[in-house]
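Input: a single structure, listed below in structure tokens.
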Amino acid sequence: MILLAKIGIGVVGTAVVGGTMLCSEGLLQVRVREKRVDGKNISLIVPAALVPMTLKFVPDRHLAQASASLHPYMPIVDAAIPALEDCPDGVLVEVTGPDEHVLIAKQGSSIVVDVNDANEVVHVAVPLRAVQSAIREIAAADGAN
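Basically the numbering used here = 1-based index in the sequence shown + 118.
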């Protein structure tokens, strides 16, 4: 009986540590609401660490052009994201048109993009650490595969 309890504790402990590591970069949130009468509502919340992990499965040849374009700007990215994390929360960009409104803001440790147009309302929140990890993963692709 004690052996079974030890195995159970090991399994639960592994699951807790794995879940903690998976959520270490925060959560990516996407919500889309169509404005039609029969419109769909989609809400998705996933660990942000899945983004850079998923990029590891994309063949380098598909990321080669983006990687080459990113290389000259990596020092700027590496300086800007930590500086952005230290900035107070607030609006970074706001665009208002006759039929749409776009707002990009820093909230906590995330970048939030809200779009409201004639057809739908979209909300995306991405943790800055996940952005930096994803950009580094793309920049590391060399196109050899």
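Heads up, the beta-carbon is just placed ideally off N, CA and C, and yes, glycines get one too.
Rounded to whole angstroms, the gap between the alpha carbons of MET192 and LEU246 is 15 Å. Beta-bridge annotation (DSSP): THR214 is paired with HIS219. Inter-residue distance for GLU255 and HIS189 is about 11 Å (C-alpha atoms, whole angstroms). The alpha carbon of ALA258 has as its nearest neighbour, out of GLU203, GLU218, HIS219 and ALA186, the alpha carbon of ALA186.
Contact annotation: ILE160 and GLN147 have beta-carbon atoms that are not nearer than 8 Å. The beta carbons of GLU218 and ARG151 sit no closer together than 8 Å. For HIS241, the enclosing beta strand (DSSP E) covers residues 238–245.
By a beta-carbon distance limit of 8 Å, GLN250 contacts ILE199. Their separation comes to about 5 Å.
Within the DSSP secondary-structure output, ASP235 pairs in a beta bridge with GLU218. In the structure shown, SER227 falls within a coil segment according to DSSP collapsed to helix, strand and coil. Closest in C-alpha terms to LYS153, from the list VAL169, ASP235, PRO165 and VAL213, comes ASP235.
Taking the C-beta atoms as reference points, ALA167 is found nearer than 8 Å to ALA248.
Counting only residues of its own chain and dropping the five nearest sequence neighbours on each side, PHE175 has no CB closer than 6 Å to any other CB.
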